[in-house]
Amino acid sequence: MSGQLLIVGDYNIHWDCNENATTKMLIDFLDSTNHVQHASEPTHRDCHIIDLAVTRQDDNIVYMTSVHSMISDDMAIHIYLNMSKPPRPTRTISFRKIRAFDQNCQADDIRECTILRYPAMELDSIVCQCNLPLKTLLDKHAPLKSKTFPVRQMIPWFSDEIQDPKQQRRQLERFWRRTRLTVHRQMYQKHNNDSPMI
């Protein structure tokens with residue numbers, strides 16, 4: 011198995027009882043496969059180590075372990091790892107605010123362009139003559155901006171079957187809160203009753 015490995019769980023084997031046959035077998039197995047067990051404090055109310063944290067010996071990913079607060083008959087093992095959470099992937103988009111154009115200024119600038127005063131005769135020349143001035147005008151009135159935002163990872167359990175009713179519920183709620191009409195409130199309540207678990 012490639013990558014780093016961390017196995018945790020309640021094994022119900024008394025790790026601290028070296029004379030126990032099952033414990034010996036587990037210790038021998040971990041040694042033979044070059045694995046190490048990190049929990050060193052009792053993890054059970056009967057003062058035995060039965061909850062284990064196992065890694066490959068070469069991985070060196072566990073910084074330390076500590077045992078805290080008894081949740082039930084087992085205690086919680088806090089495992090501190092020699093790694094940080096990977097950064098979320100980002101995506102950068104470029105855009106222009108075309109709607110922010112000042113149409114009067116834009117019209118004045120277009121009238122000043124050489125396209126209208128000295129038009130070319132050949133199609134290729136006309137295209138070249140139009141591209142540069144129009145791009146300059148576009149950069150002046152709606153400069154190119156960029157925005158970076160994190161990319162949300164796809165969540166396997168969040169499908170269209172869940173997203174669509176949630177989205178419809180939010181739309182109905184906003185509609186009802188805006189109009190305050192009884193009929194819209196009833197539509198919103200009906201949708202909630204039809205899909206209560208979403």
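When we follow my numbering, the leftmost residue of the sequence shown carries the number 11, and every step to the right adds one. Virtual Cβ for every residue (Gly too), placed ideally from N, Cα, C. Values in this document were obtained by computation on a predicted structure and should not be read as measured data.
Return yes when the Cβ of residue j is within less than 7 angstroms of the Cβ of residue i, no when it is not.
{"i": "R55", "j": "D83", "result": "yes"}
{"i": "T53", "j": "I59", "result": "yes"}
{"i": "Q14", "j": "D69", "result": "yes"}
{"i": "F105", "j": "K155", "result": "yes"}
{"i": "H201", "j": "R179", "result": "yes"}
Using alpha carbons as the reference points, say which of the options lies closest to residue i.
{"i": "R127", "options": "K95, C140, C115", "result": "C140"}
{"i": "I120", "options": "A31, Q199, H151", "result": "H151"}
{"i": "N92", "options": "L133, T75, L62, E171", "result": "T75"}
{"i": "G19", "options": "M85, F39, T43, Y73", "result": "M85"}
{"i": "E51", "options": "S42, H88, I17, S169", "result": "H88"}
{"i": "I37", "options": "S12, A63, C57", "result": "A63"}
Starting from residue i, trace the alpha helix (DSSP H) both ways and give me its first and last residue.
{"i": "M134", "result": "For the record, residue 134 in the displayed sequence is Asp; it is not Met. From DSSP, the alpha helix (DSSP H) with D134 extends over 133-151."}
{"i": "A130", "result": "Counting along the chain, A130 falls outside any alpha helix (DSSP H), and DSSP gives it neither H nor E."}
{"i": "I71", "result": "Neither: I71 is in no alpha helix (DSSP H) and is coded neither H nor E."}
{"i": "I120", "result": "113-122"}
In this structure, how does DSSP classify residue i when only helix, strand and coil are distinguished?
{"i": "V64", "result": "strand"}
{"i": "V193", "result": "helix"}
{"i": "S50", "result": "coil"}
{"i": "L36", "result": "helix"}
{"i": "D56", "result": "coil"}
{"i": "D84", "result": "strand"}
{"i": "H78", "result": "strand"}
{"i": "I108", "result": "helix"}
On the DSSP letters alone, give me the boundaries of the beta strand (DSSP E) that residue i sits inside.
{"i": "S104", "result": "100-105"}
{"i": "G19", "result": "16-20"}
{"i": "F159", "result": "155-160"}
Any 3 or more C-beta pairs closer than 8 angstroms across the region 185-204 and the region 158-174
No: the two stretches stay apart, fewer than three of their Cβ pairs being nearer than 8 angstroms.
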